[in-house]
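Contents: one structure, followed by commentary.
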Amino acid sequence: MQTLPLRCGSSLMSKSLKRLACGFGLLTIFGLSGLTTTAQAQVIAPSPTTTLSNSQLSSYAQAVLAIEPIRLKYYRQAQKMFSGQVPRNSCLAEPKNLASPRLDNLCSQYFNESTQILKKYDLTPEEFNNITQQIHANPGLYQRVQYEMMRLQKK
């Protein structure tokens, strides 16, 4: 699994994007092969020349909206395990969290479900991560995503 550290307090991120990105302490970029919960802490460099089509933007917004309830479900389960305080980067512990195999199982389920959502919206983990990085760096793109999310929620 790959991860991208983000400042969770960034004023650029909306509540939905912030929750998604900072749910377990950092944005998870869902692994490509085998979907393990082992963190490799790789950062994918943003592609500054990439332009986002309306279709890609819509797919991204739909994926964010679909992943958020899944993230909340698993985050709440993790909170119960830790009496309300989920340790930062819980799903990214290296080596695996031997003290809490139940947490490892939750993380694995979350990553698997999230990956399926990305597939549903024709996004690869790299595309999702790249778009997230672009949004973080580009206020105009951030606004486009926000408008698209609002439009989708009104449907």
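Just so you know, we're using the working numbering here: the sequence shown kicks off at 1011 and counts up by one.
Cβ coordinates follow ideal geometry from the N, Cα and C atoms, glycine included.
message = Which of the three DSSP states is assigned to residue 1062 in this structure?
response = As a position in the sequence shown, residue 1062 is number 52, starting the count at 1. Looking at residue 1062 - three-state DSSP - the assignment turns out to be coil, as it is neither helix nor strand.
8 Å contact criterion, which residue 1062 and residue 1141 should meet: CB distance rounded = Position 52 of the sequence shown, counting from 1, holds the residue named residue 1062. Position 131 of the sequence shown, counting from 1, holds the residue named residue 1141. Contact flag correct, Cβ pair sits at about 7 Å.
key: CA nearest to the CA of residue 1069, picked from 1132, 1139 and 1085   = As a first step, residue 1069 is located in the sequence shown; it is residue number 59 there, counting from the start. If we check each option's Cα against that of residue 1069, 1132 comes out closest.
query = Hey, residue 1138 and residue 1073 are a contact pair by Cβ (cut 8 Å); roughly how many whole angstroms apart?
reply = Within the sequence shown, the letter at position 128 stands for residue 1138. Within the sequence shown, the letter at position 63 stands for residue 1073. Confirmed, about 7 Å.
query = Looking at the structure shown, is residue 1114 part of a helix, part of a strand, or coil, going by DSSP?
reply = In the sequence shown, the residue the question calls residue 1114 occupies position 104. Residue state for residue 1114 is assigned as helix, using DSSP reduced to three classes.
ask   = How many angstroms separate the CA atom of residue 1086 from the CA atom of residue 1116?
value = Position 76 of the sequence shown, counted from the start, is the residue given in the question as residue 1086. Position 106 of the sequence shown, counted from the start, is the residue given in the question as residue 1116. So the alpha carbons of these two residues sit roughly 10 Å apart.
request  = Work out the CA separation of residue 1119 and residue 1129 for me, nearest whole Å.
outcome  = The residue given as residue 1129 occupies position 119 in the sequence shown. The residue given as residue 1119 occupies position 109 in the sequence shown. Distance between the alpha carbons of residue 1129 and residue 1119: 16 Å.
key: Residue range of the alpha helix (DSSP H) that includes residue 1131   = Within the sequence shown, numbered from 1, the residue matching residue 1131 stands at position 121. Taken as a continuous stretch (DSSP letters only), residue 1131 belongs to no alpha helix (DSSP H), as it is neither H nor E.
task = My understanding is that residue 1080 touches residue 1110, with C-beta atoms under 8 Å, so please give their C-beta distance in whole angstroms.
result = Residue mapping note: residue 1080 aligns to position 70 of the sequence shown, counting from 1. Residue mapping note: residue 1110 aligns to position 100 of the sequence shown, counting from 1. With a Cβ gap of about 20 Å, residue 1080 and residue 1110 do not count as contacting.
task = Spatial neighbours of residue 1071 within its chain, please: CB distance less than 7 Å, with the 5 preceding and 5 following residues excluded, ordered by chain position.
result = Within the sequence shown, the letter at position 61 stands for residue 1071. If we look at residue 1071 and ignore the five residues flanking it on each side, its Cβ neighbours are 1155, 1158, 1159 and 1162.
query = Is it the case that the Cβ atoms of residue 1151 and residue 1143 are separated by a distance below 8 Å?
reply = The residue given as residue 1151 occupies position 141 in the sequence shown. The residue given as residue 1143 occupies position 133 in the sequence shown. No, Cβ-Cβ distance for residue 1151 and residue 1143 is not below 8 Å.
key: Per-residue DSSP class, three states only, for residue 1095   = Taking the first residue of the sequence shown as 1, we reach residue 1095 at position 85. Correct three-state label for residue 1095: coil.
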